[in-house]
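Colleague:
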Amino acid sequence: MDLSIINRLSNIAMSNDPIDQSLYEKYDVKRGLRYADGRGVLVGLTSIGDAIGYEIDKDNKKVAIPGRLIYRGYNVEDIVKDVEKSHQFGYEQVVYLLLFGQLPTKNQLEEFQELLGSLRALPEYFTEDMIMKAPSSDIMNKIARGVLASYSYDPDPENREISNILRQCIELTSRFSTLAAYGYQAKRRYYDGKSMYVHNPKPELGTAENFLRLIRSNKSYTPLEAEILDLALILHAEHGGGNNSSFTIHVVSSADTDTYSAVAAAVGSLKGSRHGGANIRVMEMMDDIKKNVKDWSSEKEIRDYLMKIGRKEAFDRTGLIYGQGHGVYTISDPRAILLRNKAEELAKEKGCLDEFHLYNIIEGIVPDVLCELHGDKKRICTNVDFYSGFVYSMLGIPRELYTPLFAISRIAGWSAHRIEEIVAGRRIYRPAYKGIADLRDYVPLEKRVENAVPKVIAEDHGVVTTGPSD
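Under the numbering used here, the first residue of the sequence shown carries the number 9, and numbering increases by one thereafter.
#1: Using a 10 Å radius around the Cβ and a threshold of 16 neighbouring Cβ atoms, would you call T186 buried or exposed?
#2: Which of the three DSSP states, helix, strand or coil, is assigned to A152?
#3: If you follow the beta strand (DSSP E) that P74 is in, where does it begin and where does it stop?
#4: Where in the stretch 389-474 do unbroken runs of the beta strand (DSSP E), each at least 3 residues long, occur, reported from the N-terminal end onward?
#5: Looking at P406 and A188, is the spacing between their C-beta atoms short of 7 Å?
#6: Ends of the alpha helix (DSSP H) at A44?
#7: Exposed or buried, which one is H382 when buried takes at least 16 other CB atoms within 10 Å?
#8: Quick check on DSSP: helix, strand or coil for A59?
#9: CB-CB under 6 Å to R224, same chain, minus the five flanking residues each way: which ones, in chain order?
#10: Under the DSSP definition of a beta bridge, which residues are partnered with N83?
#11: Who are the near neighbours of D58 in its chain, counting only those whose CB is closer than 6 Å to its CB and skipping five residues on each side?
#12: Using 7 Å as the threshold, is the C-beta distance between E353 and F364 below it?
#13: Taking the CB atoms as reference points, tell me whether Y99 and I242 lie closer together than 7 Å.
#14: Taking the straight line between their C-alpha atoms, what separation do you get for S203 and T256?
#15: Would you grab the beta carbon distance between P209 and N218 for me? Rounded to a whole angstrom, and I think it's under 8 Å.
#16: Run the CB neighbour count on P163, radius 10 Å, all protein chains shown included, and call it buried at 16 or more, exposed below.
#17: In whole angstroms, give me the CA-to-CA distance for N115 and K93.
#18: Taking one C-beta from the stretch 27-43 and one from the stretch 304-318 each time, how about it: are there three or more such pairs within less than 8 Å?
#19: Determine the direct distance from the alpha carbon of L31 to that of S55, and round the result to whole angstroms.
#20: For T135, which residues of its own chain have a beta-carbon under 8 Å away from its beta-carbon, when the five flanking residues on both sides are left out?
#21: Is any heavy atom of the ligand COA found at a distance shorter than 6 Å from the C-beta of R221?
#22: Among all the DSSP beta bridges, which residues are the ones paired with Q332?
#23: Whose C-beta lies closer than 6 Å to the C-beta of Q176 among residues of the same chain, with five residues either side of it excluded?
#24: Quick one, which of A245, K195, G214, T338 has its alpha-carbon nearest I73's?
#25: With C360 and M291 assumed to form a contact (beta carbons below 8 Å), what rounded beta-carbon distance in angstroms separates them?
#26: Could you round the C-beta distance between H258 and H425 to whole angstroms and report it? I think they count as a contact, below 8 Å.
#27: Restricting to Cα atoms, I'd like to know which of D238, A273, A263, L239 is closest to S254.
#28: Taking just the CA atoms, how far does G75 sit from I60?
#29: For N24, which of I444, M293, V88, P452 has the nearest alpha-carbon?
#30: Between L378, L130, E458, S262, which has its C-alpha nearest P439's C-alpha?
#31: Which ranges does the alpha helix (DSSP H) cover as unbroken runs of at least 4 residues, wholly within the stretch 183-213, from first to last along the chain?
#32: Could you check how far apart the C-beta atoms of D393 and N287 are, in whole angstroms? I think they sit under 8 Å.
#33: Let's see if you can read the secondary structure: which residues bound the alpha helix (DSSP H) around I256?
#34: Looking only at its own chain, which residues have a Cβ that is under 6 Å from the Cβ of E357, when we skip the five neighbours before and after it?
#35: Can you name the residues that DSSP bridges to I369?
#36: Between the alpha carbons of S277 and H283, how many angstroms are there, rounded?
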């Protein structure tokens, strides 16, 4: 392919796309489906989950409150407390709750766990034909392709009856951890030149235990390792209908397409660095901080370096301090609090307390740093991405699996949202875009002349920023 042609065509395409930014204000466009104060535009109703970070007062203004995460009416904090108190794994209970709207009894849970366990192995020859023969350098890409390929292994893929869609969703929920683990093993072999270990999942194990078993050569893990990964899965399983990937499930499902197409679209959304990849940016930033801050216990030294990052003088020079702030939570992200508390326990087991204390110091300093940098009295909170990457690193999980772990968890929420859209939505999404191009007289081919293409494109065109996972 002649890249010079592509580059020339690219310049033509880019020169025609920039839109005068003042027009968004003129036509009162809710960019990103958000109001000016950051609130999301109400486009639907859901009974599945809710992320609460503010209330609206009598003057219709946002009032920040401590964050709460709700699954089917239950506060996630209560779910986590019960799981830890009973020394059980909770992710499968959360999957049941999200899908069926109620907490399972002991017998219902055992039956559901047995069902999930029986489905963890991929269909016959799927691993060889769909994963090993077509490896990918990106595991999220491999998961999406695996989801689409599952259509061909389904005897009834187009059936839109709820019972059939539920079957498909349960199968995908069970197999996502296997898809991710095998996709990672194929990448190790074909892209990294390392040994590949393909273990069979064990039906009697839950999602967290099976995943750790499948990615490790010796198949071993400690109870605490499995417990904290299970906690991470619980906390990422659902976040309301407005987050980008769950909204994608609603939009694509509203078009009356098949389950595999809808779920693959959600995977593509989550893959984006503005959605599911934020914890990787946190880890890259922390690598830089650990390299440049000599005394990890010195608040002054840490603060000075954070100021450099915020002034675009250090790290990636974007001015962003990753793992801070959220589109909904302001005072606190409940997921970050729950994960931080468990992370300290794991840090003791792994000999990483110095690093854990570094994270704690940064969490305490950042709000003041950002206020000083931006002159903004609005406080922001540490989000879940700040600690999730640290937890995964202590578990020895490679960074290319951080976002896939998010998908392994969020397939539960996606499945519930797909079913809810089909049962209750019943109308294809069709928001409005206002056309602003001037009408032009048509020019026959023989009378057309080449137009000069601007060589300088808008400075910010194409720049991607990384926000918190949602």
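Glycine included, each C-beta is placed from N, C-alpha and C at the ideal position.
Modeller: In short, the structure shows the following:
#1: Reading the sequence shown from its first residue, position 178 is the one you call residue 186. The residue is buried, with at least 16 neighbouring Cβ atoms inside 10 Å.
#2: Position 144 of the sequence shown holds residue 152. In this structure, A152 counts as helix in the three-state DSSP scheme.
#3: As a working note, residue 74 is residue 66 in the sequence shown. Segment 70-79, the beta strand (DSSP E) holding P74.
#4: none
#5: Sequence index remark: in the sequence shown, residue 188 carries index 180 (1-based). Sequence index remark: in the sequence shown, residue 406 carries index 398 (1-based). Not in contact: A188 and P406 (Cβ atoms no closer than 7 Å).
#6: Position 36 of the sequence shown, counting from 1, holds the residue named residue 44. A44 -> no alpha helix (DSSP H), and no H or E assigned at all.
#7: Within the sequence shown, the letter at position 374 stands for residue 382. By the neighbour-count rule (16 or more Cβ atoms within 10 Å), H382 is not buried but exposed.
#8: If you number the sequence shown from 1, residue 59 lands on position 51. Note: A59 maps to strand in three-state DSSP.
#9: As a position in the sequence shown, residue 224 is number 216, starting the count at 1. If we look at R224 and ignore the five residues flanking it on each side, it has no Cβ neighbours.
#10: Here residue 83 refers to the residue found at position 75 when the sequence shown is read from its first residue. Looking at the DSSP assignment, N83 forms a beta bridge with I78.
#11: In the sequence shown, counting from the first residue as 1, residue 58 sits at position 50. Result list for D58: I78, G248, in chain order.
#12: Counting from 1 along the sequence shown, the entry for residue 353 is found at position 345. Counting from 1 along the sequence shown, the entry for residue 364 is found at position 356. Result no, Cβ atoms of E353 and F364 do not sit closer than 7 Å.
#13: Numbered from its first residue, the sequence shown carries residue 99 at position 91. Numbered from its first residue, the sequence shown carries residue 242 at position 234. Contact: yes.
#14: Residue numbering aside, residue 203 sits at position 195 when the sequence shown is read from its first letter. Residue numbering aside, residue 256 sits at position 248 when the sequence shown is read from its first letter. Approximately 36 Å between the Cα atoms of the pair.
#15: Looking up residue 209 in the sequence shown gives position 201. Looking up residue 218 in the sequence shown gives position 210. That pair is a contact at about 5 Å.
#16: Your numbering for residue 163 matches position 155 in the sequence shown. P163 should be labelled exposed.
#17: Counted from its first residue, the sequence shown places residue 115 at position 107. Counted from its first residue, the sequence shown places residue 93 at position 85. Rounded to the nearest angstrom, the two C-alpha atoms are 19 Å apart.
#18: no
#19: One-based indexing of the sequence shown puts residue 55 at position 47. One-based indexing of the sequence shown puts residue 31 at position 23. About 36 Å.
#20: For the purposes of this step, residue 135 is taken as the residue at position 127 of the sequence shown. Hits under 8 Å: Y190, V206.
#21: As far as ligands go, the structure on display features none, and thus does not contain the ligand COA.
#22: For the purposes of this step, residue 332 is taken as the residue at position 324 of the sequence shown. Paired residue(s): T390.
#23: Residue 176 sits at position 168 when you count from the first residue of the sequence shown. Closer than 6 Å at Cβ, skipping near neighbours: T267.
#24: Walking along the sequence shown from the start, residue 73 turns up at place 65. Comparing Cα-Cα distances from I73 to each of A245, K195, G214, T338, the minimum goes to T338.
#25: For the purposes of this step, residue 360 is taken as the residue at position 352 of the sequence shown. For the purposes of this step, residue 291 is taken as the residue at position 283 of the sequence shown. In fact, because the Cβ distance is near 13 Å, the residues do not count as touching under 8 Å.
#26: Sequence index remark: in the sequence shown, residue 258 carries index 250 (1-based). Sequence index remark: in the sequence shown, residue 425 carries index 417 (1-based). That belief holds up - the Cβ atoms of H258 and H425 are roughly 6 Å apart, short of 8 Å.
#27: Sequence index remark: in the sequence shown, residue 254 carries index 246 (1-based). Considering only alpha carbons, the answer is A273.
#28: As a first step, residue 60 must be located in the sequence shown, where it is residue number 52. As a first step, residue 75 must be located in the sequence shown, where it is residue number 67. Approximately 6 Å, taken between the alpha carbons.
#29: Reading the sequence shown from its first residue, position 16 is the one you call residue 24. Measuring from the Cα of N24, the nearest candidate turns out to be I444.
#30: Residue 439 sits at position 431 when you count from the first residue of the sequence shown. Cα-wise, what sits closest to P439 is S262.
#31: none
#32: Here residue 393 refers to the residue found at position 385 when the sequence shown is read from its first residue. Here residue 287 refers to the residue found at position 279 when the sequence shown is read from its first residue. Yes, D393 and N287 are in contact; Cβ-Cβ is about 4 Å, under 8 Å.
#33: Walking along the sequence shown from the start, residue 256 turns up at place 248. What sits at residue 256 in the sequence shown is Thr, not Ile. From DSSP, the alpha helix (DSSP H) with T256 extends over 252-262.
#34: Counting from one through the sequence shown, the residue named residue 357 turns up at place 349. Around E357: L232.
#35: Translated into positions along the sequence shown, residue 369 becomes position 361. In the DSSP output, where bridge partners are listed per residue, I369 has none listed.
#36: Position 269 of the sequence shown, counting from 1, holds the residue named residue 277. Position 275 of the sequence shown, counting from 1, holds the residue named residue 283. Their backbone Cα atoms lie some 7 Å apart in a straight line.
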